[in-house]
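Sequence lines, in order, name chains A and B.
In terms of this note's numbering, the first sequence has 134 at position 134, counting the first letter as 1, and numbering is strictly consecutive.
Positions in the second sequence are counted from 1; adding 1000 to them yields this note's numbering.
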Amino acid sequence: MSPGDVWYLIIGNPVLNVLVALSHILGGSFGLAIIVLTVIIRLISWPLTKRQLNSTKALQDMQPKIQELQKKYGKNQQKLQQEMMKLYKEAGVNPLGCLWPMLIQFPIWIALYQAIMRALATTPENLLDLAQRLYSWDIVSQAIPLNSHFLGLDLGSQGNLILAIIVGGTMWVQQKMTQAPAVDPRQESTSRMMLLMMPLMFGFLTLMFPSGLALYWAVSNIIGIITQYFVTGGWGYLKFRSPFQSTPVKGK
Amino acid sequence: MKQPKTLFLVAIALLPLVLVSCISSGASVPRGWAGTVVHDGIIYAGTRDGRVVAINSSTQSQQWDYAFTSTAIYTTPIVDGDLVYVGTYSGQVYALTIARGIERWVYPRTGSIGAIVGTPVVANETIYVSSSDGRVYALDTIYGDLKWKSEPLAEKLWTSPVIQGDTLYVSTFDGHIYALSMETGELLGWSFESEAGFASSPVIYGDTIFLGSFDRHLYAVTIGSNVSMWKFPQEKPAGNWFWASPIVNEGIVYAGCLDSKLYAIEAKTGEKLWEFDAGNPIVSSPVLMDNLLIVAAESGNVYVINPETGSSEQIQDPLSSNSNAPSINAQIRAPFCAYEGLIYIRAEDNQLYVVDIDMRAVIWKVSLTTK
Chain A
1 MSPGDVWYLI
11 IGNPVLNVLV
21 ALSHILGGSF
31 GLAIIVLTVI
41 IRLISWPLTK
51 RQLNSTKALQ
61 DMQPKIQELQ
71 KKYGKNQQKL
81 QQEMMKLYKE
91 AGVNPLGCLW
101 PMLIQFPIWI
111 ALYQAIMRAL
121 ATTPENLLDL
131 AQRLYSWDIV
141 SQAIPLNSHF
151 LGLDLGSQGN
161 LILAIIVGGT
171 MWVQQKMTQA
181 PAVDPRQEST
191 SRMMLLMMPL
201 MFGFLTLMFP
211 SGLALYWAVS
221 NIIGIITQYF
231 VTGGWGYLKF
241 RSPFQSTPVK
251 GK
Chain B
1001 MKQPKTLFLV
1011 AIALLPLVLV
1021 SCISSGASVP
1031 RGWAGTVVHD
1041 GIIYAGTRDG
1051 RVVAINSSTQ
1061 SQQWDYAFTS
1071 TAIYTTPIVD
1081 GDLVYVGTYS
1091 GQVYALTIAR
1101 GIERWVYPRT
1111 GSIGAIVGTP
1121 VVANETIYVS
1131 SSDGRVYALD
1141 TIYGDLKWKS
1151 EPLAEKLWTS
1161 PVIQGDTLYV
1171 STFDGHIYAL
1181 SMETGELLGW
1191 SFESEAGFAS
1201 SPVIYGDTIF
1211 LGSFDRHLYA
1221 VTIGSNVSMW
1231 KFPQEKPAGN
1241 WFWASPIVNE
1251 GIVYAGCLDS
1261 KLYAIEAKTG
1271 EKLWEFDAGN
1281 PIVSSPVLMD
1291 NLLIVAAESG
1301 NVYVINPETG
1311 SSEQIQDPLS
1321 SNSNAPSINA
1331 QIRAPFCAYE
1341 GLIYIRAEDN
1351 QLYVVDIDMR
1361 AVIWKVSLTT
1371 K
């Protein structure tokens, strides 16, 4: 069995069949099926999401202490790293803990991308291939072929600008809510760039991928914003204006 | 410190893109699976590189070829009079001369009517074409002028229309069979609706329509009735879709299924007479010749079957030293045709294979890739 076969057996085909079955349950709406699947995925990954939010919050709370360490051991990078790791350990925080939920979602994104492309069967070859990947559930066979239209979107087509703006915008809001304010103008410049980079990148990816996947990203971001609002208690740093915003950065 | 962090985030953001590139997206490029037709000793076939070729069966050489611009061909060429007709995935219908492959007309002259997947039918100097825009088009065979186009019947039509009397019957992916006037294209009073979509093109025998469905059943529908006469299998569904159109002969329906089996079914009752396991999905419709049934599995194996008993013999490839080798060392998806004791199969390796049924062997093959 090739790695590709294992992938489809364990992840690809289950996601495809669940998506098709959901589509039938939801009255033949493939778009609604994507939204419901997104909610299910977010619920399954909730323990990880909660850990990420707690890590983010803990890291924010530790910022003053980290600043102190940077001032104290700024010239000795090795010592600084050691002290920072010690600080993280004492606080029970993993600095990379906030990345795991994102990494865990990668296989889901890929499986969903493949499921959307396969389920919509835009070419005759795709439709024939779909026959070999569907389970013999009545609920699945009754759903085929799927309707690719949802709220004026063709979920199988690429290049939807409005969706790209929504995906980029919601991602920016989500990041802005958690990003701690900068303590100096140089850090402010880096923070601003990072805050813009991910939303721009995902907005760009939205233009390259089918609208169905972009719908998943948009809904996932919105759920992320709502979750963050309730877990961290408010809009976080969304409305915070940095005092260095108008300060020109040295060296530029 | 900041730069590596930024680079790390860029890498994280790009990772899904890289992974998606590494793993197959599942979206395949349309290549087409046009079948073959033989007329006056000339074989006409659509190729996987978007051409129609004419091959002299005596000399096994190409007479001519006609290349369409960047498109796939799913429709089997149709010969009528001195013209051969082909519908393309780019949504145009071409009429070429059978003698030299010169374009006589194209419809529409500019633009497209939507991808053509189902093979058109010709009758009464009219070619009837189902299109991915959901409409059926009727074109004059001599000049290519539009006679009529139907109202949209479905989101898309990928199946072939079928004619009986002065009526055109069309099956749709959303589970309808529509009856249209051949003269005007208007919907007639009767239509049939099923819970599941229809995967195959309809076939008419007597006053009954037979066709496969996405719910893994073969349906028999009496024209004029709102309920199906029977569904096969009667108890639990088959292992997969009935993708290929069935054929009917002397009251027996022979239906190939993507579950690898060929079923012989009593046309009146829907009872199974026998089944044959081809070991691989059956994508192409079976054909009957000299009271023998020929069926091809997608894997390349071709079988000659006794239509009364279901007993089978596998076609051999005499050029292969391996006795377990498939009849043809390539996938078979295109419809194939039978003519004077020979079977003409265009396989997915873009070669044309000619099988002698008496010898139970492939007797010659020719590449369709180059002239």
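C-beta atoms are modelled at their ideal positions from N, C-alpha and C, and glycine is treated no differently.
Note that this is a predicted model, so its numbers are computed, not measured.
Contact under 7 Å by Cβ, residue i with residue j
| i | j | result |
| --- | --- | --- |
| B:ASP1174 | B:GLY1144 | no |
| B:SER1285 | B:ALA1244 | yes |
| B:VAL1287 | B:ILE1294 | yes |
| B:ILE997 | B:THR1097 | Examination of residue 997 of chain B is not possible in this model, given that chain B is present from 1001 through 1371 alone. |
| B:ASP1349 | B:ALA1330 | yes |
| B:ILE1305 | B:PHE1276 | yes |
| A:ARG133 | A:LEU16 | yes |
| B:GLN1316 | B:ALA1361 | yes |
| B:TRP1064 | B:GLY1101 | yes |
| A:ILE222 | A:THR170 | yes |
| B:ARG1346 | B:ALA1338 | no |
| B:TYR1044 | B:PRO1077 | yes |
| A:ILE225 | A:GLN175 | no |
| B:GLY1134 | B:ALA1115 | no |
| B:GLY1046 | B:ALA1034 | yes |
| B:ALA1267 | B:ALA1297 | no |
| B:GLY1185 | B:ALA1138 | yes |
| B:GLY1270 | B:PHE1232 | yes |
| B:PRO1281 | B:LEU1258 | yes |
For residue i, three-class secondary structure by DSSP
| i | result |
| --- | --- |
| A:MET117 | helix |
| B:THR1110 | coil |
| B:LYS1149 | strand |
| A:LYS75 | coil |
| B:ARG1051 | strand |
| A:LYS86 | helix |
| A:LEU205 | helix |
| B:VAL1362 | strand |
| B:VAL1381 | A query on residue 1381 of chain B cannot be resolved here, the shown segment of chain B reaching from 1001 to 1371 and no further. |
| A:LEU9 | helix |
| B:TRP1064 | strand |
| B:GLY1279 | coil |
| B:MET1289 | strand |
| B:ILE1223 | coil |
| A:ASP138 | helix |
| A:HIS149 | strand |
| B:GLY1189 | strand |
| A:GLN105 | helix |
| A:ILE170 | Just to set this straight, residue 170 of chain A is Thr in the shown sequence, not Ile. Correct three-state label for A:THR170: helix. |
| B:ASP1140 | strand |
| B:GLY1158 | The identity of residue 1158 of chain B in the sequence shown is Trp, whereas the question assumes Gly. Note: B:TRP1158 maps to coil in three-state DSSP. |
Beta-carbon separation (whole angstroms), residue i vs residue j, contact threshold 8 Å
| i | j | result |
| --- | --- | --- |
| A:GLY168 | A:LEU207 | 10 Å between Cβ atoms; not a contact. |
| A:ALA131 | B:TRP1241 | 5 Å |
| A:ALA121 | A:GLY28 | At roughly 15 Å, the Cβ-Cβ gap does not stay under 8 Å, so A:ALA121 and A:GLY28 are not in contact. |
| B:ALA1238 | B:TRP1230 | About 14 Å separates the two Cβ atoms, so there is no contact after all. |
| B:GLY1050 | B:PHE1068 | 5 Å |
| B:LEU1211 | B:SER1201 | 7 Å |
| A:LEU69 | A:GLU83 | 5 Å |
| A:PRO145 | B:PRO1030 | With a Cβ gap of about 16 Å, A:PRO145 and B:PRO1030 do not count as contacting. |
Selection from the options that minimises the alpha carbon distance to residue i
| i | options | result |
| --- | --- | --- |
| A:SER45 | A:GLY4, A:LYS176, A:GLN105 | A:GLN105 |
| B:SER1057 | B:SER1171, B:LEU1352, B:THR1309 | B:LEU1352 |
| B:ARG1109 | B:LEU1146, B:SER1321, B:ILE1116 | B:LEU1146 |
| B:TRP1274 | B:ALA1179, B:LEU1187, B:ILE1252 | B:ILE1252 |
| B:LEU1218 | B:ASN1226, B:ALA1199, B:TRP1105 | B:ALA1199 |
| B:GLY1300 | B:LYS1272, B:PHE1336, B:ILE1265 | B:PHE1336 |
| A:ILE41 | A:SER189, A:ASP5, A:LEU19, A:VAL6 | A:LEU19 |
| B:GLU1308 | B:SER1181, B:PRO1281, B:ILE1265, B:THR1269 | B:ILE1265 |
| A:TRP217 | A:THR227, A:ILE35, A:ILE25 | A:ILE35 |
| B:TYR1066 | B:ALA1099, B:LYS1365, B:ASP1166, B:SER1171 | B:ALA1099 |
| A:GLN164 | A:THR178, A:LEU200, A:SER136, A:SER148 | Checking the sequence, you will find Ala at residue 164 of chain A rather than Gln. For A:ALA164, the nearest C-alpha among the options comes from A:LEU200. |
| A:VAL140 | A:TRP7, A:ASN13, A:HIS24, A:ILE11 | A:HIS24 |
| B:ILE1209 | B:ARG1216, B:GLY1032, B:VAL1227 | B:VAL1227 |
beta-carbon residue i near the ligand NAP non-hydrogen atom, thresh 6 Å
| i | result |
| --- | --- |
| B:SER1213 | Absence of the ligand NAP from the depicted structure is noted, as is the absence of any ligand whatsoever, leaving it without description. |
Checklist entry - Is the stretch 1335 to 1342 of chain B close to the stretch 1079 to 1090 of chain B, with three or more CB pairs under 8 Å? => result A contact is defined here as three or more CB-CB pairs under 8 Å, and the stretch 1335 to 1342 of chain B fails this definition with respect to the stretch 1079 to 1090 of chain B.
Next on the checklist: Three Cβ pairs or more, each shorter than 8 Å: is that satisfied between the stretch 103 to 120 of chain A and the stretch 205 to 219 of chain A?
Outcome noted: Contact holds: three or more Cβ-Cβ distances are below 8 Å.
Checklist entry - Does the stretch 1148 to 1166 of chain B come close enough to the stretch 1111 to 1123 of chain B that 3 or more CB-CB pairs lie under 8 Å? => result These segments touch.
Next on the checklist: Does the contact criterion of 3 or more C-beta pairs under 8 Å hold for the stretch 38 to 52 of chain A versus the stretch 145 to 156 of chain A?
Outcome noted: By the C-beta criterion, the stretch 38 to 52 of chain A is judged not to be in contact with the stretch 145 to 156 of chain A, since fewer than 3 inter-stretch pairs fall below 8 Å.
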